[in-house]
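Chemist: Each residue of the sequence shown is one higher than the last, beginning at 2 in our numbering.
C-beta: ideal position from N, C-alpha, C; glycine also.
Treat the numbers as computed from the prediction; the structure is a model and nothing was measured.
A single structure is presented below for examination.
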Amino acid sequence: MKHTQYFLFTRERSDRQGIKDEWIQQVFHFPEKEEIQSDGRIRRWAKIEENQKYLRIVLLDDGETVHNAFFDRSFKTES
Numbered sequence: 002m003k004h005t006q007y008f009l010f011t012r013e014r015s016d017r018q019g020i021k022d023e024w025i026q027q028v029f030h031f032p033e034k035e036e037i038q039s040d041g042r043i044r045r046w047a048k049i050e051e052n053q054k055y056l057r058i059v060l061l062d063d064g065e066t067v068h069n070a071f072f073d074r075s076f077k078t079e080s
C-alpha cells in the first residue's frame with residue numbers, strides 16, 4: 002500500500018493506532034461511498050463490521066496513495 006508521510010505521522014495518534022491495514026484495504030477496494038474533493042483527492046467510506054463504525058480514507062489524486070484514514074463520526078448513510 003502506497004502512503005504519504007502525513008499518513009505515517011497521523012497513524013501514530015492514539016485515536017488512529019487501532020486502525021488495521023486490512024480495514025484500509027477493505028475501504029480502498031470496496032467503498033460504500035466515494036467523493037472527489039475539489040483538490041482532486043478521493044474520499045472513500047465503508048463500514049467496518051468489527052466495530053460498527055465507518056472508516057474514511059483519503060487518497061491522493063493518483064487514486065493509489067493513502068493520505069489519511071480515520072473513523073468518521075459524522076458520516077451518515079443515505080436513506
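Going by the DSSP bridge assignment, what does TRP116 pair with across the sheet?
Modeler: Residue 116 is absent from the model: the chain starts at 2 and stops at 80.
Chemist: Evaluate contact between the stretch 32-50 and the stretch 6-13, counting only Cβ atoms and requiring at least three cross-stretch pairs below 8 Å.
Modeler: no
Chemist: Return the CA-CA distance between ILE37 and GLU23, expressed in angstroms with no decimal places.
Modeler: 23 Å
Chemist: Under 8 Å between the Cβ atoms of HIS4 and VAL67?
Modeler: HIS4 places its beta carbon less than 8 Å from that of VAL67.
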